[in-house]
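Student:
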Amino acid sequence: MDTNLTVLEAACLTHAALSLEELVATRSLSTKSPQATGYKRRRGRESRARISYKRLCLGRFLLMCTEKITNLVLSILTTPTAFPKLSPFALVLALTAASSKESSYGTFCEPKDDLDTCLADEFSYGWMIAATDNDVRTFTVDDLYNTVKDQILSHAMMYGDKSDIYHAYHVLLDHGFNMNNVITMAYDDIAHNEENPHPGEVYNDYSYTDVYKGVKIDYSGEDVSPANFLNALKGNASDNKKVLNSTENDKILVFYSDHGGPNLIAFLEDDLYSVDLITTLKTMHQQKRYKRMLLLIEACYSGSMFEDLLPNNINILAITAANKSESSYGTFCSPKDGMYTCLADEFSYNWMMAATNHDVRNFTVKQMYDEVKDKIRSHEMMYGDLNIAKLPLSEFFPKTGNYSSGTSKVENTFCGAMLLVVLLVEHIF
Numbered sequence: 001m002d003t004n005l006t007v008l009e010a011a012c013l014t015h016a017a018l019s020l021e022e023l024v025a026t027r028s029l030s031t032k033s034p035q036a037t038g039y040k041r042r043r044g045r046e047s048r049a050r051i052s053y054k055r056l057c058l059g060r061f062l063l064m065c066t067e068k069i070t071n072l073v074l075s076i077l078t079t080p081t082a083f084p085k086l087s088p089f090a091l092v093l094a095l096t097a098a099s100s101k102e103s104s105y106g107t108f109c110e111p112k113d114d115l116d117t118c119l120a121d122e123f124s125y126g127w128m129i130a131a132t133d134n135d136v137r138t139f140t141v142d143d144l145y146n147t148v149k150d151q152i153l154s155h156a157m158m159y160g161d162k163s164d165i166y167h168a169y170h171v172l173l174d175h176g177f178n179m180n181n182v183i184t185m186a187y188d189d190i191a192h193n194e195e196n197p198h199p200g201e202v203y204n205d206y207s208y209t210d211v212y213k214g215v216k217i218d219y220s221g222e223d224v225s226p227a228n229f230l231n232a233l234k235g236n237a238s239d240n241k242k243v244l245n246s247t248e249n250d251k252i253l254v255f256y257s258d259h260g261g262p263n264l265i266a267f268l269e270d271d272l273y274s275v276d277l278i279t280t281l282k283t284m285h286q287q288k289r290y291k292r293m294l295l296l297i298e299a300c301y302s303g304s305m306f307e308d309l310l311p312n313n314i315n316i317l318a319i320t321a322a323n324k325s326e327s328s329y330g331t332f333c334s335p336k337d338g339m340y341t342c343l344a345d346e347f348s349y350n351w352m353m354a355a356t357n358h359d360v361r362n363f364t365v366k367q368m369y370d371e372v373k374d375k376i377r378s379h380e381m382m383y384g385d386l387n388i389a390k391l392p393l394s395e396f397f398p399k400t401g402n403y404s405s406g407t408s409k410v411e412n413t414f415c416g417a418m419l420l421v422v423l424l425v426e427h428i429f
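Counting in full-length UniProt numbering, the final residue of the sequence shown is number 429, and the numbers go up one at a time with none missing.
1) Within the continuous alpha helix (DSSP H) that includes E371, where are the two ends?
2) Skipping 5 residues on each side, what residues in its chain have a beta carbon closer than 7 Å to that of G260?
3) Is A90 buried or exposed, if buried means 16 or more other CB atoms sit within 10 Å of its CB?
4) What did DSSP end up calling V254 once you bin it into helix, strand or coil?
5) In or out: V360 buried (at least 16 other Cβ within 10 Å) or exposed?
6) Answer yes if the segment 178-198 comes into contact with the segment 375-394, meaning at least three C-beta pairs across the two stretches below 8 Å, and no otherwise.
7) Is the separation between the beta-carbon of L391 and that of V372 shorter than 9 Å?
8) Ignore the nearest five residues each way along the sequence and tell me which others in S220's own chain have a CB closer than 7 Å to its CB.
9) Go ahead and pull the three-state DSSP assignment for M382.
10) Within a Cβ cutoff of 8 Å, which residues of the same chain sit near N315, ignoring the five residues on either side of it in sequence?
11) If you measure between the beta carbons of L296 and Y159, is that distance less than 9 Å?
12) Buried or exposed, going by whether 16 or more other CB atoms sit within 10 Å of the CB of S207?
13) Are there three or more Cβ pairs, one per stretch, closer than 8 Å when the segment 214-233 is compared with the segment 267-274?
14) Looking only at its own chain, which residues have a Cβ that is under 7 Å from the Cβ of N354, when we skip the five neighbours before and after it?
15) Candidates T147, D142 and Y329: which alpha carbon is nearest D133's?
16) Roughly how many angstroms lie between the CA atoms of A321 and W127, to the nearest whole one?
17) My output table needs one value for K288: the three-state DSSP class, helix, strand or coil.
18) By how many angstroms is the C-alpha of G235 removed from the C-alpha of S334?
19) Can you tell which of N178, V275 and T331 has its C-alpha closest to the C-alpha of D205?
20) Can you tell me which residues form a DSSP beta bridge with T107?
21) Once you ignore the five residues that flank Y166 on each side, which residues in its own chain have a CB closer than 8 Å to its CB?
22) DSSP three-state label for L295, please.
23) Among L310, N312 and F347, which has the Cα closest to the Cα of S327?
24) Just tell me which of G106, F108 and D276 has its CA closest to the CA of F229.
25) So, helix, strand or coil for T26, using DSSP?
26) Please go through the same chain and pick out, in chain order, the residues whose beta-carbon is closer than 7 Å to the beta-carbon of I278, but skip the five residues on each side of it.
27) Flag this pair as yes or no: are the beta carbons of A318 and F255 separated by less than 9 Å?
28) Quick check: D258 and D161, are their CB atoms within less than 9 Å of each other?
29) Using three-state DSSP, classify L309 as helix, strand or coil.
30) Just how far apart, CA to CA, sit A395 and F177?
31) Which word fits G106, buried or exposed, when buried means at least 16 other C-beta atoms lie within 10 angstroms of its C-beta?
32) Using a 10 Å radius around the Cβ and a threshold of 16 neighbouring Cβ atoms, would you call I129 buried or exposed?
33) As a quick exercise: from T96, T283 and N323, pick the residue whose alpha carbon is nearest that of Y145.
34) Look at D164 and D345 and say whether their C-beta atoms are less than 9 Å apart.
35) Can you tell me whether R41 is helix, strand or coil according to DSSP?
36) Thinking C-beta only, is S325 closer than 9 Å to P262?
See the structure below:
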């Protein structure tokens, strides 16, 4: 469909195309063999009546359309060779709220009366307001698309998941990690993105502290892939890339932040499926590549990666931002300078604040879990070896930290979990 058509013309054309499709379908019923059953003959008579009615409706509707569309539809109607083969899908343009690897967003997420929900969706509300506020006789489909695109968070910079990683890097650094043992995977596409109004800087909350500064990225761009992720865990080195050289005495912390779906987490060009991740974790256990492992997974549907799949006897605990059938949530979604994005994700931001604000020697994994659970809207979940939850966080964080990028208050949340993957791993000797 030509996006230079006005919204009214597009509506007319789409309605006409769908009407023509039904005319084609019903027309075929009227050409049944004389030997057709009585039922089919009755159905044919009914169809001919419907054809007459549809022609009348179509004619009335065309009176509302502009001359351009009327002439186009009439030319189709008067072309016998084209009429039986007409498919309306050649005339229909689809506008979607999000790309194939991201969530769409809700809006009006702080309603009165503690409704604890979003009252609308950005894309839907946006196109309805655009169609209402403009003259659809002159306002084109392309105008509608661009107006809505500039007002919604989906398919923007996918900011929050990425800034979570940079913030986490500083949290680990402040907690005394040997950064030579930290592997960081990041697409690295927002700090210098042309849509970033603060070139070279990335923020994770309303303090607007630059969390990008000082981060050393080991895998970036297309190197952030499921294969490299799994190889890094298994210690399979290639192209001089950094991988885990862990033993049965090492404790491993994995933090992942990205988009997710049922039984998968998303990478830039491909997806990592639950069966492949679980197989890798089992292999690592068999090869004695760790003592204990804690996974923190920020993604929609993240619970589906582990539910009924992760064994409880291989010394791994997975904590997910959401259960198997829901989205996780973004936060700090009304930043300055019209950034049109969420600066962080609820689960990620709150586990970092919990690890920062407590003495990890006297603060257990379960206490961190409970504190985060009370501050987020999705259903945080735990899978695997629940005995690990009883251990102090110092099992995975060497010392108490004092890094803080700002307030730990969570505000203005709505559906999130965008397009990025990063791995932060430390093995502690």
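Yeah, the Cβ is synthetic: ideal placement off N, Cα and C, and Gly gets one too.
Tutor: Quick look at the numbers:
1) V365 to K373
2) A266, A299, C300, Y301, S302 and A417
3) Interpretation of A90 is limited by its pLDDT of 44, a score under 50 that renders its predicted location unreliable; the figure taken from the coordinates is listed afterwards. That one is exposed.
4) strand
5) buried
6) no
7) No, Cβ-Cβ distance for L391 and V372 is not below 9 Å.
8) A186, Y187 and D188
9) In this structure, DSSP gives M382 an extended state, which the three-state scheme calls strand.
10) These residues qualify, in order along the chain: H285, Y290, K291, R292, M293, D385 and I388.
11) no
12) exposed
13) yes
14) The identity of residue 354 in the sequence shown is Ala, whereas the question assumes Asn. Excluding residues within five positions, the ones whose Cβ falls inside 7 Å are M368, E371 and V372.
15) The residue from T147, D142 and Y329 with its alpha-carbon nearest to that of D133 is T147.
16) 31 Å
17) For K288, the secondary structure class from DSSP, reduced to helix, strand or coil, is coil.
18) One C-alpha to the other measures close to 41 Å.
19) A check of alpha carbon separations from D205 across N178, V275 and T331 identifies T331 as the nearest.
20) A120
21) A186, V202, N204, V211, Y212 and V215
22) strand
23) F347
24) D276
25) Because the pLDDT of T26 is 49, which lies under 50, any placement of that residue in the model is unreliable, and the question is left without a value.
26) These residues qualify, in order along the chain: L309 and L310.
27) no
28) yes
29) Three-state DSSP puts L309 in coil, outside helix and strand.
30) Here the sequence assigns Glu to residue 395, which means Ala is not the residue at that position. C-alpha separation (whole angstroms): 12 Å.
31) The residue is buried, with at least 16 neighbouring Cβ atoms inside 10 Å.
32) It counts as exposed.
33) T96
34) yes
35) Per-residue confidence for R41 stands at a pLDDT of 39, beneath the threshold of 50, marking its modelled position as unreliable; the derived number appears in the next sentence. The answer is helix: DSSP assigns R41 an H, G or I state.
36) yes
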